[in-house]
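Peer 1: For the sequence shown, position 124 (counting from the first letter as 1) is numbered 124 according to our numbering, and the numbering increases by one without interruption.
Glycine is no exception: its CB is placed at the ideal position from the N, C-alpha and C atoms.
All figures in this text were calculated on a predicted structure; none of them were measured in a lab.
Below you will find the structure I want to go over with you.
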Amino acid sequence: MRTVAWELCIALAAVTGVGAGYLLSEGGSMTGYPREVSQKIAALGPGAENDLIRYGHELVVDTPRFIGKSAEDPAMAFGGNDLSCQNCHLNAGLKPFAAPFVSTAAAFPMLVDNKVVTLPDRINSCIRLGLNGKPLPEDSREMSALIAYLKYVGKDSPEGVRLPGSGLMPIALPGDVPSARRGATVYAQHCASCHGQNGEGAPKLPPEAGYYVPPVWGADSFNGGAGMGQIAYAASYIRANMPVGVDHENPALSVQDAWDVAAYMVAHPRPVAPAHPPVVPMVIEDLPIQAPPDAEAALPGQDLVPDLQTQPANGTP
């Protein structure tokens, strides 16, 4: 059974250990981001490549319909939940500092931990972790469509160069050690009205599958290996994007509140990470904070209560 202190150590150790060039400054220029992408895709002419781009966009926006747990074709249920790609990659992967897709295709293949990570590897890492599912075959039409869409939205991104706003926005060191108890108050004030009192999100009405607002913990959420399951990445994402309508230029939450509510979120049960998680690039290159020498020890001043200890979603320790 892990405490928030242990989850914090895991996230920060990972951040210290590897980076992928995503460290960017607040307020950087957003020049190069495509606009009105949905309209442009709808206006594409006939042709096999344009059909793939259109299908890739549909996969990102309406993932559960095609490859989610409730896919129209049960044989295509590669996702273990009914989240959409754009539940995390906001605005179909075009919102700055919400892990956008504008530089993704140009950045791969990439060397991470002395291993070559390809674009299909990166896509499948999201399906295995964010969708809590199983990898798409690399020769599938769905993989080809997702790659076609990523290349389309990133066609103006120079090869090997990440546009400002890619990845996640760096976040400052919190003034105090992140507290799940304080985070519960932040969640109640700013998050529960959309994500639910119990983190359950807002599901779409049948026969549609998926969520208007995604769950942030529980059996239908992302698993513990996903970036949003790590406190450092969750805090950065929340600071730049939450509550809905916020952007990186006008954050609604303080740095401390973002860390605290991230601690509260990751303290709740969710599906466990795969036994052998994929090698993926980290989304924040560096953070000015170190894990304590003893990873099992509570950090000085950490405010934890027993009912916020983490467990897998099935309830086993």
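Given this structure, state the Cα-to-Cα distance separating residue 40 from residue 181, to the nearest angstrom.
Peer 2: Taking the straight line joining both Cα atoms gives about 46 Å.
Peer 1: Kindly indicate which residue of 262, 230, 245 and 235 has the alpha-carbon position closest to the one of residue 273.
Peer 2: Closest by alpha carbon: 230.
Peer 1: Measure the alpha-carbon distance for residue 88 versus residue 108 and round it to whole angstroms.
Peer 2: Rounded to whole angstroms, residue 88 to residue 108 spans 20 Å at the Cα level.
Peer 1: Taking all protein chains shown into account, do 16 or more other C-beta atoms lie within 10 angstroms of the C-beta of residue 151, making it buried, or fewer, making it exposed?
Peer 2: It is buried - the Cβ of residue 151 has at least 16 other Cβ atoms within 10 Å.
Peer 1: Please look up how many angstroms separate the CB atoms of residue 253 and residue 190, rounded, as I've assumed it's under 8 Å.
Peer 2: With a Cβ gap of about 7 Å, residue 253 and residue 190 count as contacting.
Peer 1: In chain order, which continuous runs of the alpha helix (DSSP H) of length 4 or greater are located wholly inside the region 102 to 187?
Peer 2: Fully enclosed alpha helix (DSSP H) runs of 4 or longer: 104 to 107, 119 to 129 and 141 to 153.
Peer 1: Counting pairs of Cβ atoms below 8 Å between the region 59 to 74 and the region 198 to 211, do you hit three or more?
Peer 2: The region 59 to 74, when compared against the region 198 to 211, does touch it at the 8 Å Cβ threshold.
Peer 1: Do you know whose CA, among 257, 60, 275 and 83, lies nearest residue 179's CA?
Peer 2: Comparing Cα-Cα distances from residue 179 to each of 257, 60, 275 and 83, the minimum goes to 257.
Peer 1: For the alpha helix (DSSP H) that contains residue 255, what are its first and last residues?
Peer 2: Where residue 255 is concerned, the enclosing alpha helix (DSSP H) stretches over 255 to 266.
Peer 1: When you compare only the Cα positions, how much space is there between residue 323 and residue 270?
Peer 2: The chain is shown only over 1 to 317; residue 323 falls outside these bounds and no answer can be derived.
Peer 1: Tell me residue 239's beta-bridge partners as DSSP assigns them.
Peer 2: Looking at the DSSP assignment, residue 239 forms no beta bridge with any residue, so it has no partner.
Peer 1: Return the bridge partner residues of residue 35 from the DSSP annotation.
Peer 2: For residue 35, which the question treats as bridged, DSSP gives no partner whatsoever.
Peer 1: Looking only at its own chain, which residues have a Cβ that is under 7 Å from the Cβ of residue 135, when we skip the five neighbours before and after it?
Peer 2: The residues are 124, 127 and 128.
Peer 1: So, with DSSP's three-state summary, where would you put residue 213?
Peer 2: Strand, per DSSP.
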